Structure formats: C-alpha cells, structure tokens
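Quick note, the sequence shown lines up with residues 1352 to 1617 if you use my numbering.
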Amino acid sequence: MSDLVNKVAELLNAPVDLVQRSAEARAQASGVSVDDVLNSWAGGESVAASEAPPPKEETPVEEVKEEDPVEEVIEEVVEDTSETAIEESTNHEVVEEIVEEVIELKEESSLAFITGVLLIGIFTFVFAFVIPKNQSISAVENSLNNSINVSSEVLRGAEIYGELNCQSCHTQNVRTLIPDTQNGKVLKNKYASEALIRNVGSIRLGPDLSTNGTREPTNNAQWLKRYLTDSSSVNRDIPHPKYEFLDDSDLEYLVTYLLSLGEINE
C-alpha cells in the first residue's frame, strides 16, 4: 500500500501524508476501500463503478471528476502557503516597527545630547567669560585715579623718565584684571598729565614699575641713585644702562618720580 500511496503522491505532486489522509476520507465517504480510491487516482478502475448494476448510473470515475482530490490537496496547500505568508508578513511588520522605534530613540538621544552640549557651552561662556570680564572692567574703572595730583618735581622726573625712553623696557600699564587693580595707579585716563601717560609703556622687558615706590629695595632713594648711576655696583649681571651723565638735580627729579609710583593718590 505504501508503494501505491507514494505513486499517487508522485502523480499528484502532493505530500504522502496528505494523500493518505485524503484517500481515507474519500474511502469512508464512498464506502469503498482506501486501495480502490488510490487505484482510481492512479488511473485504475474503481470498485464502486463495478457494483453499480444500472449502466446509466454515474460511474465512480465521474464522481471522482466531480470531487477531485487534487483540488482538496491544492486547497490545503494554498491554505498552508497563505498562513505561512501571513506569518512572514506579520513578522516583517513587527521587525519594521522595532527598527523604526530604535531609530526614533536614537534620534531623540542625539537631539538630547546636542541640546545638552549647547546648554553647557552657553553656560560656560556666560559665567566664565562674560560676567568676569564685566566685573573686571567695572573694578578697573572704579579704581581709576581721575584726579591725579603731582608735584612739579614728580612731573619733571616723569619728563626725564620719558626722555631717557625708560618706558620702552618698563611698563606701568596695569592689566584690566581684578587682581591687578590694586597694583598701583592706572594712568591711562583723560585727567592724567600727558607726560605721565606717555610713560606707562606696553613692553615688559624689565620689571613692572607700577608699584616701584612700595617695593624693596626700589623704595629707597639712595639705592635708586646708586642703581641708576651704575647698576653693576648692585648686581653685575643686570644689563641696565648707566645714567651717570645726569646732573644731580635731574637724577633727583627722576628718583622722586620713581618713588611716587604706587603711592595712593586719590
């Protein structure tokens, strides 16, 4: 019987189990044996056809043609294929939904990251640069000596300072930073004498002289005279020019001016 089933399955191009189940169902409905059904499907004569006495009655072959098991097999195969296609389509849709959700999450994460970076940058710029800069400028403006009173000796000493071009190596230009506002006078303002403004300098090859009169040993008149006349007598390694050609009065004026630097003069 197994050979017959295999032969019928091969002829119908259908699974063996499916052909077996269809033949059993057909035999039960027609009242014939399974072998007769398989024989009829394989091209042989049917038992039900020989038992029918009236010649005019429909033969089992005609009944087989009316209820073709191939159609049942095809229907079942189509149903299985449709179910498989539906399942695959459903799985594909689920995968697409998951991918879309992942992409949306990534986009939201990227947007949140960029927003956070921008906020941190703005916060840093405002609190690290804008506010401190405004505070520094305000502190410097409040510390300006808008009415500088100097004696004629100090003014003459400032003129000699400028004539000797001391400002090319020594600066008195205090930076616009909060810690530097206490270093001495900030002379770059419209009320200061032009002779004093010219002396502030911008190059710092030598020491900053903005607080010269408040530091040791430059706050000592005798030490300054000795240093200006012959710097090697104080330190032979200091490459400072000698102003031994100055007369005593001009040297005195220059020392008076240097000692005035850094004084509180509101």
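Where a beta carbon is used, it is the ideal one built from N, C-alpha and C, also for glycine.
In this text, all values refer to a predicted model and were calculated from it rather than measured experimentally.
Can you list, in chain order, the residues of its chain with a C-beta nearer than 6 Å to that of residue i? Leave out the 5 residues immediately preceding and following it.
i	result
V1415	Summary for V1415: the model assigns pLDDT 43, below 50, so the residue's position carries little reliability, and this model does not support an answer.
E1396	With a pLDDT of 46 at E1396, under the threshold of 50, the modelled position of this residue cannot be trusted; read the value that follows with caution. Contacts found: none.
State the CB to CB distance for the pair residue i and residue j, rounded to an integer number of angstroms; the pair is presumed to be in contact (CB under 8 Å).
i	j	result
D1599	I1511	In fact, because the Cβ distance is near 13 Å, the residues do not count as touching under 8 Å.
C1520	L1556	4 Å
L1560	L1612	5 Å
V1367	A1393	About 14 Å separates the two Cβ atoms, so there is no contact after all.
N1570	L1610	7 Å
Take the Cβ of residue i as the centre, count every other Cβ of all protein chains shown within 10 Å, and call the residue buried at 16 or more, exposed below.
i	result
T1441	exposed
L1462	exposed
D1387	buried
G1508	buried
R1377	buried
L1469	exposed
V1383	buried
L1362	exposed
L1456	exposed
A1479	exposed
Apart from the five residues just before and just after residue i, which ones in its own chain have a Cβ nearer than 7 Å to its Cβ?
i	result
E1402	Low local confidence applies: a pLDDT of 43 at E1402 is under 50, so the model's placement there is unreliable, with the coordinate-based value given in what follows. Cβ neighbours of E1402 beyond the five flanking positions: none.
V1356	V1367, V1370, Q1371 and L1389
P1558	H1521
K1593	T1580, D1581 and S1582
R1577	S1584 and V1585
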